[in-house]
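Enquirer:
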């Protein structure tokens, strides 16, 4: 019932993550009904970003400059490096305000079945950086999933012969505001195992 | 922390209906991380639709032809016309498979505060069509909201001097599968008022 260009638009909007056919239809009709300028704006910013954004030479973060805003900020600790799977995870750390070191963005995780190898993640570049800047600490902040853990383990193995570089992993435990009743048992077991002593602070 | 083209992309994706800053960020990063071809596809289908889709000469439906697929389908009843607020509502009727007449798509509803007048909705064109095709029945299928009801009332008033054209409104009542406990009281009152007699069918 919709004409061809509308059908094509709906189909392509379905390519957006988290958008199904119904939301795509709603978006397409709304843009065509009375927001055509918004539609043009979206298309142009999309093409602009695709054409200008590459990866930072050091940390692989998405960036329109050769060196991203964080790697070019000299007030950040060059000798601490936090390894994350993607830009969204890096954004989460930055939003927490609790970290002032550098990052290395893998842009994925090891996944032999999907053909994603250490080379694809830029592990060579990471090791080179660690040697060059004589990094003190590598924080393995990959996701707490099977692939994330495997990737962290792989990197930790590679760093075993560098005792001068401490390798750490994010603490596991009860999330703040989390109700124990609803937390999965493995998390609870970890939280119990790594319980900390109360001190006067 | 994100570079300028990424920020601009996130902001413009927020223009999509139902997309907030967090989903927009997720979409932008996902498209840039590993779906750039999808991004180009979305941009091109958006521009293509914006450039080629206009409104049907008869019913105002979005269409890339002068006359839309429904208005150019001669097997559809020309003398019954269903008035809807937008393309999505028309799509809902078509999906129900219960209607074989024509439509008239207002592309909005009367809203004096927003400056939306009968001319903006193409009411003149609608009246012209009704006269020209000597329409038997006009089904007022605007939304069951204040503005939708006001628009329906306005059109009904204009058709008062045409006794040859029957003017109807969608039945109000309990939606199929609806649980009475959760239905609002006004709907329940309407359903009770317009209750129908059980007949052998």
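Chains as they are written, first to last, in our numbering: chain A, 116 to 316; chain B, 116 to 316. For glycine and all other residues, C-beta sits at the position ideal for the given N, C-alpha and C.
1. What runs of the alpha helix (DSSP H), each 4 residues or longer, lie entirely inside the region 144-189 of chain A?
2. Mind checking who residue 206 (chain A) pairs with in its DSSP beta bridge?
3. Determine whether the Cβ of residue 179 (chain A) lies closer than 9 Å to any Cβ atom of chain B.
4. Any C-beta of chain B sitting closer than 9 Å to the C-beta of residue 140 (chain A)?
5. Interface residues of chain A around residue 167 (chain B) at Cβ under 7 Å?
6. Could you run through the region 200-215 of chain A and flag, in chain order, every residue whose CB is less than 9 Å away from some CB of chain B?
7. In chain order, which continuous runs of the alpha helix (DSSP H) of length 4 or greater are located wholly inside the region 289-313 of chain B?
8. How would you label residue 158 (chain B), buried or exposed, when you count the other beta carbons within 10 angstroms and need 16 or more for buried?
9. Here's the rule: buried if 16 or more other CB atoms are within 10 angstroms of the residue's CB, otherwise exposed. What is residue 213 (chain B)?
10. Please say whether residue 219 (chain A) and residue 117 (chain B) have beta carbons closer to each other than 9 Å?
11. Give me, in chain order, the residues of the same chain whose beta-carbon lies closer than 8 Å to that of residue 129 (chain A); leave out the 5 immediate sequence neighbours on both sides.
12. If we call anything under 9 Å between Cβ atoms a contact, is residue 252 (chain B) one with residue 194 (chain B)?
13. At which residues does the beta strand (DSSP E) containing residue 250 (chain B) begin and terminate?
14. Using a Cβ cut-off of 9 Å (strictly closer), state whether residue 172 (chain A) contacts chain B.
15. Could you tell me how far apart the beta carbons of residue 143 (chain A) and residue 161 (chain A) are, in whole angstroms, since I believe they sit closer than 8 Å?
16. When DSSP labels each residue in this structure, what does residue 275 (chain A) get in the three-state scheme?
17. Roughly how many angstroms lie between the CA atoms of residue 186 (chain A) and residue 150 (chain A), to the nearest whole one?
18. What would DSSP say about residue 283 (chain B), mapped onto helix, strand or coil?
19. Which chain A residues are close to residue 136 (chain B), counting only those with a beta carbon under 8 Å from its beta carbon?
20. Which two residues bound the contiguous alpha helix (DSSP H) that contains residue 192 (chain B)?
21. With 9 Å as the threshold, decide whether the Cβ of residue 124 (chain B) is near any Cβ in chain A.
22. Give the single residue among A:312, A:285, A:242 and A:273 whose Cα lies nearest to the Cα of residue 204 (chain A).
23. Along chain B, in chain order, which residues have C-beta atoms closer than 9 Å to that of residue 258 (chain A)?
24. Taking the Cβ atom as the reference point for each residue, do residue 288 (chain A) and residue 302 (chain A) lie within a distance shorter than 9 Å?
25. Could you name the residues of chain B that residue 160 (chain A) contacts, counting a contact when the two beta carbons are closer than 7 Å?
26. Is DSSP giving residue 130 (chain B) helix, strand or coil here?
27. Cα-Cα, which of A:255, A:228, A:211 and A:120 is closest to residue 221 (chain A)?
28. I'd like to know whether the C-beta of residue 263 (chain B) is nearer than 9 Å to at least one C-beta of chain A.
29. Just mark residue 283 (chain A) as buried or exposed, buried being the case when its beta carbon has 16 or more other beta carbons within 10 Å.
30. Under a three-way DSSP split, which group does residue 214 (chain A) fall into?
31. On the criterion of 16 or more Cβ atoms from any shown chain inside 10 Å, does residue 176 (chain B) qualify as buried, or is it exposed?
32. Can you name the start and end residues of the alpha helix (DSSP H) that residue 236 (chain B) belongs to?
33. Report yes or no: is there a C-beta of chain A within less than 9 Å of the C-beta of residue 190 (chain B)?
Expert: On the basis of the data shown:
1. 151-167
2. On the first chain, position 91 is the one that residue 206 (chain A) refers to. Answer by DSSP bridge pairing: none, since residue 206 (chain A) is not bridged.
3. By 1-based counting over the first chain, the position of residue 179 (chain A) is 64. Yes, contact with chain B.
4. As a position in the first chain, residue 140 (chain A) is number 25, starting the count at 1. So, interface residue.
5. By one-based count along the second chain, residue 167 (chain B) stands at place 52. 120, listed in chain order.
6. 201, 202, 203, 205, 206, 209 and 210
7. Counting only runs of 4+ residues, the alpha helix (DSSP H) found wholly inside the region 289-313 of chain B occupies 300-308, in chain order.
8. Along the second chain, one-based indexing puts residue 158 (chain B) at 43. Label assigned to residue 158 (chain B): buried.
9. In the second chain, counting from the first residue as 1, residue 213 (chain B) sits at position 98. Residue 213 (chain B) is exposed by the Cβ-count criterion.
10. Indexing the second chain from 1 puts residue 117 (chain B) at position 2. Indexing the first chain from 1 puts residue 219 (chain A) at position 104. No, they are not a contact pair.
11. On the first chain, residue 129 (chain A) is found 14 positions in, with the first residue counted as 1. Residues of the same chain with a CB within less than 8 Å of the CB of residue 129 (chain A), apart from the 5 flanking positions on each side, are 135, 136 and 139 in chain order.
12. The sequence position of residue 252 (chain B) within the second chain is 137, counting from 1. The sequence position of residue 194 (chain B) within the second chain is 79, counting from 1. Cβ atoms of residue 252 (chain B) and residue 194 (chain B): closer than 9 Å.
13. In the second chain, counting from the first residue as 1, residue 250 (chain B) sits at position 135. Premise fails: residue 250 (chain B) is in no beta strand (DSSP E) and is neither H nor E.
14. What you label residue 172 (chain A) is simply residue 57 of the first chain in a count that begins at 1. So no, residue 172 (chain A) is outside the interface.
15. As a working note, residue 143 (chain A) is residue 28 in the first chain. As a working note, residue 161 (chain A) is residue 46 in the first chain. Incorrect: roughly 15 Å between the Cβ atoms, too far for contact.
16. The residue you call residue 275 (chain A) lines up with position 160 of the first chain. Residue 275 (chain A): coil per DSSP, three-state reduction.
17. Stepping through the first chain from its first residue, residue 186 (chain A) is reached at position 71. Stepping through the first chain from its first residue, residue 150 (chain A) is reached at position 35. Answer to the nearest angstrom: the Cα atoms are 39 Å apart.
18. Translated into the one-based positions of the second chain, residue 283 (chain B) becomes position 168. Note: residue 283 (chain B) maps to strand in three-state DSSP.
19. Translated into positions along the second chain, residue 136 (chain B) becomes position 21. Neighbours of residue 136 (chain B) in chain A, taken as residues at a C-beta separation under 8 Å, are lacking, since the least C-beta distance is about 11 Å.
20. Here residue 192 (chain B) refers to the residue found at position 77 when the second chain is read from its first residue. First-last for residue 192 (chain B): 192-199, but that is the beta strand (DSSP E), not the alpha helix (DSSP H).
21. The residue labelled residue 124 (chain B) in the question sits at position 9 within the second chain. Output row for residue 124 (chain B): interface = yes.
22. Locating residue 204 (chain A) in the first chain gives position 89, counting from the first residue. For the residues A:312, A:285, A:242 and A:273, the minimum Cα distance to residue 204 (chain A) belongs to A:285.
23. Translated into positions along the first chain, residue 258 (chain A) becomes position 143. Residues of chain B passing the Cβ test: none, with the nearest at roughly 14 Å.
24. Counting from one through the first chain, the residue named residue 288 (chain A) turns up at place 173. Counting from one through the first chain, the residue named residue 302 (chain A) turns up at place 187. Closer than 9 Å, so yes.
25. By one-based count along the first chain, residue 160 (chain A) stands at place 45. Going along chain B in sequence order, the residues near residue 160 (chain A) (Cβ under 7 Å) are 123, 124 and 127.
26. For the purposes of this step, residue 130 (chain B) is taken as the residue at position 15 of the second chain. Residue 130 (chain B): coil per DSSP, three-state reduction.
27. Here residue 221 (chain A) refers to the residue found at position 106 when the first chain is read from its first residue. Checked all of A:255, A:228, A:211 and A:120; the closest Cα to residue 221 (chain A) is A:255.
28. Within the second chain, the letter at position 148 stands for residue 263 (chain B). Answer no: the Cβ-Cβ gap between residue 263 (chain B) and chain A never drops below 9 Å.
29. On the first chain, position 168 is the one that residue 283 (chain A) refers to. That one is exposed.
30. Numbered from its first residue, the first chain carries residue 214 (chain A) at position 99. Coil.
31. Mapped onto the second chain, residue 176 (chain B) falls at position 61. Residue 176 (chain B) comes out buried.
32. Working through the second chain from its first residue, we reach residue 236 (chain B) at position 121. Unbroken alpha helix (DSSP H) run through residue 236 (chain B): 233-236.
33. Stepping through the second chain from its first residue, residue 190 (chain B) is reached at position 75. No, residue 190 (chain B) lies away from the interface with chain A (no Cβ there is under 9 Å from its Cβ).
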